[in-house]
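Engineer:
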Amino acid sequence: MKDASSRSIYIGRAETIIHDEYGGKWYWKARRSMRFATHLEDEAAKFRATHLASNDVQDSTQLASDWRDTKPQRKRDRGGPYVAVHLRRNDFVQARGKEVPSLKKAAQQIKHIIKKQNLTSAFIATDAPREEFLQLANLLPSVSLHRFVPDEDFLQQWGDGGAAIVDQIICSHARYFVGSYESTFSFRIQEEREILGFTEETTFNRLCGASSKCEQPAKWRITY
974 MKDASSRSIY IGRAETIIHD EYGGKWYWKA RRSMRFATHL EDEAAKFRAT
1024 HLASNDVQDS TQLASDWRDT KPQRKRDRGG PYVAVHLRRN DFVQARGKEV
1074 PSLKKAAQQI KHIIKKQNLT SAFIATDAPR EEFLQLANLL PSVSLHRFVP
1124 DEDFLQQWGD GGAAIVDQII CSHARYFVGS YESTFSFRIQ EEREILGFTE
1174 ETTFNRLCGA SSKCEQPAKW RITY
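Under our numbering, the first residue of the sequence shown carries the number 974, and numbering increases by one thereafter.
Here it is, written out as structure tokens:
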């Protein structure tokens, strides 16, 4: 790099390189230094404010401008007044059927969590088609259900990947998060919540499928 004019490095399949350090001090240093693109943060913040009565000041989710200065104390009442759910569907239903809940079972679990957390709103990050989302909403008539649906301009400029990141940001800021079984999408949300200072109890959770055994995810705690 000393002799190159470039200031950026692309590393393909970085998970292979960091495998031996996963969950350790150096892994978390690298992970904490990563920030979402500002335009996607702004899109998520606009959605949170408009639909979920959520913003960083009242939710205690502000980050220091320098990532090295962000070391928040864990707080149970941190986050916006909503539950966030990552409900993986499509290929997961076929590949991991016993670990993926039916819409009816997912609705039952969401209803239980909403009641326990004394909240009324839920944000759903899902790859389910619109018809399935509407079915889920019909199963939860007492819950104010929300989903980020990007417009055509957004998709042309930032694509499905940009929309997925907005989903992750919104989930990261919820009072309580429940993810999907062994999903890297859920893992990244859990990491972000660790950085923001959420409690383990409100972060490391997953929806249960048809299997009688439903182990909750491993708790990869942040290390400074």
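All C-beta atoms in this analysis are idealised placements derived from N, C-alpha and C, irrespective of residue type, glycine included.
It should be emphasised that the depicted structure is a prediction, and the values quoted were computed from it without experimental measurement.
Looking at the structure shown, is glycine 997 part of a helix, part of a strand, or coil, going by DSSP?
Structural biologist: It is coil, neither helix nor strand.
Engineer: Three-state secondary structure (DSSP) at leucine 1180?
Structural biologist: Looking at leucine 1180 - three-state DSSP - the assignment turns out to be coil, as it is neither helix nor strand.
Engineer: Once you ignore the five residues that flank serine 1184 on each side, which residues in its own chain have a CB closer than 8 Å to its CB?
Structural biologist: Correct list, in chain order: Lys1071, Glu1072.
Engineer: Determine the closest residue to serine 1094 out of Lys1044, Ile1143, Ile982, His1012, with distance taken between C-alpha atoms.
Structural biologist: It is Ile1143.
Engineer: Going by alpha carbons, who is nearest to lysine 1054 out of Glu1167, Asn1091, Tyr1197, Ile1097?
Structural biologist: Inspection of the sequence shows that residue 1054 is occupied by proline rather than by lysine. Checking every option, the nearest Cα to that of proline 1054 belongs to Asn1091.
Engineer: Just grab the DSSP bridge partners of alanine 1147 for me.
Structural biologist: Paired residue(s): Gly1053.
Engineer: Quick check on the DSSP output: the beta strand (DSSP E) that includes serine 1159 runs from which residue to which?
Structural biologist: No beta strand (DSSP E) contains serine 1159, which is instead part of the alpha helix (DSSP H) from 1157-1169.
Engineer: On the three-state DSSP scale, how would you describe leucine 1060?
Structural biologist: Strand.
Engineer: Does the stretch 1097-1108 come into contact with the stretch 1116-1127, if we say contact requires no fewer than three beta-carbon pairs (one atom in each stretch) closer than 8 Å?
Structural biologist: Yes: at least three Cβ pairs fall under 8 Å.
Engineer: Among Glu1167, Glu1173, Asn1178, which one has its Cα closest to the Cα of threonine 1196?
Structural biologist: Closest by alpha carbon: Glu1167.
Engineer: Threonine 1011: buried (16+ other C-beta within 10 angstroms of its C-beta) or exposed?
Structural biologist: The residue is exposed, with fewer than 16 neighbouring Cβ atoms inside 10 Å.
Engineer: What residues match up with lysine 1048 in a beta bridge as DSSP calls it?
Structural biologist: According to DSSP, lysine 1048 bridges with Phe1171.
Engineer: Would the stretch 1042-1049 and the stretch 1130-1141 be scored as touching if the rule is three or more Cβ pairs under 8 Å?
Structural biologist: The stretch 1042-1049 vs the stretch 1130-1141: no contact.
Engineer: Just checking my contact of glycine 1135 with phenylalanine 1127 at CB under 8 Å: how many whole Å lie between their CB atoms?
Structural biologist: Yes, they are in contact, since the Cβ atoms of glycine 1135 and phenylalanine 1127 sit about 7 Å apart, within 8 Å.
Engineer: Would you report the Cα separation of aspartate 1199 and arginine 1049, rounded to the nearest angstrom?
Structural biologist: Here the chain comprises residues numbered 974 to 1197, so residue 1199 is not present and cannot be evaluated.
Engineer: DSSP state of phenylalanine 1009, grouped into three classes?
Structural biologist: In the structure shown, phenylalanine 1009 sits in coil (DSSP, three-state: anything other than H, G, I, E or B).
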